[in-house]
Amino acid sequence: MSQYRTAITDHLFVDETSLVLKLAAEAELSLRDKERVDQLARGLVKAVRDNRNSQGSIDAFMQQFSLSSEEGVVLMCLAEALLRIPDAETADLL
């Protein structure tokens, strides 16, 4: 049995609340790491905003195919299906 399967099996019937609290405590970032995450996130948001009107922008795509249109809903369904495909080969075929 792999270590991952063992870890899953070991946690199969544990109390979810206590497990989530334990994992959240383990995931706590240091002040330095929090600052790095903040800096990276701000840089990414700025880059997206600066390139909002560029060719290929997700904003332009969403305006072209809004979720209030039939095409937009179909594309969203396709995107969700694509996320659920477990292997790259099948995803490429889709």
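Numbering (our numbering), first residue to last: 10 to 103. Heads up, the beta-carbon is just placed ideally off N, CA and C, and yes, glycines get one too.
If you ignore the 5 residues before and after E80, its C-beta comes within less than 7 Å of the C-beta of F74, all in its own chain and listed in chain order. In this model, R41 and E98 are separated by some 39 Å (Cα to Cα). Put simply, of S77, L103, S78 and D96 the residue whose alpha carbon is nearest the alpha carbon of L87 is L103. The three-state reading of DSSP puts S27 in helix, counting H, G and I together. The residues L28, in chain order, have a CB closer than 7 Å to that of H20 in the same chain once the five nearest residues on each side in sequence are set aside. I94 sits in coil when the DSSP states are folded into three classes, being neither helix nor strand. For L49, the uninterrupted alpha helix (DSSP H) segment begins and ends at L40 to D59.
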